[in-house]
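Counting in the numbering used here, the sequence shown runs from 1122 upward without gaps.
Cβ coordinates follow ideal geometry from the N, Cα and C atoms, glycine included.
These notes concern the structure reproduced below.
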Amino acid sequence: AAVEEGVVAGGGVALLRARKALVIEESKNENKVLGLGVSRKFKNNGAAIVFHSLEAPIIKLISNARGNAAYIVGEIEKNTNPNYGFNVKTMEDGDLVKMGVLDPAKVVRTALQNASSVAGVVLTTEALVADKPEEKKEMPMMPGGMGGGMPMGM
């Protein structure tokens, strides 16, 4: 995959950086109620949902490494180097390409395409098919013990 389309900075940084394509307008928010003190305007609600879903991988990686995800993601967003990120293995920040933290571009792209495809199918489906639960019938009464026949001991 890396030979075909190259590599991008790993650790979820490429997806985090891709979010900027979804924002129509961005302005500083003085009261810092929304996100990291930034107010964003999107074309539609779908773009807002995708925007927030693209930060989920990096937040999960940092949280699993016991890092402060909100702070680290904020620092990554402030940095202008597109390869700047957080190496969860060494718990250091810096240029992930130089550190060797890479993802094949094709893997990142196809994961995003497949996720959007599944979401589109779910959203446009008018009906879902499922098996109807069968009603459980009561078991018939068990027949009594063996009756008749020759008496024992004969």
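{"Asked": "Secondary structure of A1122, DSSP reduced to three states", "Found": "coil"}
{"Asked": "Host alpha helix (DSSP H) of G1195 (start-end)", "Found": "1190 to 1199"}
{"Asked": "Cβ neighbours of L1175 in the same chain (closer than 7 Å, five flanking residues each side left out)", "Found": "L1136, L1137, A1139, R1140"}
{"Asked": "CA-to-CA distance, A1168 to E1146, given in whole angstroms", "Found": "13 Å"}
{"Asked": "V1134 vs I1180 beta-carbon contact at 8 Å", "Found": "no"}
{"Asked": "Spatial neighbours of V1194 in its chain, beta-carbon cut-off 8 Å, leaving aside the 5 residues before and after", "Found": "L1137, L1157, E1176, I1179, I1180, I1183"}
{"Asked": "Where K1203 sits in the DSSP three-state scheme", "Found": "According to the sequence provided, residue 1203 is Pro. The question's Lys does not apply to it. Residue state, collapsed to three classes: coil."}
{"Asked": "Inter-residue spacing [alpha-carbon to alpha-carbon] between N1235 and V1229", "Found": "10 Å"}
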